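>
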Amino acid sequence: MEPVWWAVGLFEAGGTLALVGEGVRASLGSPAGCPRTLHRFKGAVGMGTLVGGEPRGCDWVLSPKGNEVNKILKFINLINGRLITLKYNLQLMEVIKFVNHKYGTHIVYLGPGAMAPNNSWLAGFVEGAGGFHVALGASPPPGSRLVAAGGIVVTQKERYVLDLINKLLPGRVSLSNNPRGQYQYLAYTCTRWSKYLARYPLRGVKHIQHMCWLKCNLRSPRRP
């Protein structure tokens, strides 16, 4: 089930789940402008349609008609119990209430999922909301040589999600300096992240950033 956990993490990083008119609509924009990531997402969830294309990118959309209730139920069952963020769990609760009332179903809300070192939710979340940075700078005297410094950054409006990540893979959480009032998790090059992403690799363009980060990791002092 790892591709599903990855897909749910990616969806929570940049997707939408909402009631539109008399139906349910879920969508996900192309993370970092990479349609291939959306193709992998569609394959993992097993449904939906890709709309748009180059050069403007594309979106994954699931907007079933009224008589396609099975598609709605399948998607709800896929994400129910795997969502981590408060925002999406509240949206899911509203969708479940709507579907139960409209179709006479008896879907039970399963609550938030457990983010753990043994699932790929975090890899998907980083794919959509994170990034890697690599910088070169001079070491302090007497060394005076170039050293590599790398880190991973995840930005999110809900701080408690970053606190969960920080508890799993320690770094630093602080208020971001962007004008949207978001929070930022930052972890410098560390062995724990390297081991996690070796087990649950990134599947889109962030993979290239990760490769540069790994090269930086080889040149930097190891951190726990």
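The sequence shown runs -18 to -1, 1 to 206 under mature numbering (1 follows the signal peptide of the UniProt record, and there is no 0). The beta-carbon is built from N, C-alpha and C at its ideal position, and this holds for glycine as well. A quick note: this is a predicted structure, and the numbers were derived from the prediction, not measured.
1) Is DSSP giving residue 128 helix, strand or coil here?
2) I'd like to know whether the C-beta atoms of residue 47 and residue 29 end up nearer to each other than 8 Å.
3) Please go through the same chain and pick out, in chain order, the residues whose beta-carbon is closer than 8 Å to the beta-carbon of residue 74, but skip the five residues on each side of it.
4) Alpha carbon to alpha carbon, how far is residue 133 from residue 183?
5) Would you decide whether residue 85 is buried or exposed? Buried here means 16 or more other CB atoms lie within 10 Å of its CB.
6) Beta carbon of residue 114, beta carbon of residue -7: below 8 Å?
7) Going by DSSP in three states, residue 40 sits in which element: helix, strand or coil?
8) Rounded to whole angstroms, what's the CA-CA distance from residue 137 to residue 79? Just pull it up for me.
9) Look at the Cβ atom of residue 41, then the Cβ atom of residue 72, and state whether they are nearer than 8 Å.
10) Express the C-alpha separation of residue 105 and residue 43 in angstroms, rounding to a whole number.
In brief:
1) Unreliable positioning characterises residue 128 in this predicted model, as indicated by a pLDDT of 43, which lies under 50. A coordinate reading is not provided.
2) The beta carbons of residue 47 and residue 29 sit no closer together than 8 Å.
3) -2, 58, 61, 62, 65, 91
4) 17 Å
5) exposed
6) Not a contact, by the Cβ cut-off of 8 Å.
7) strand
8) 31 Å
9) no
10) 22 Å
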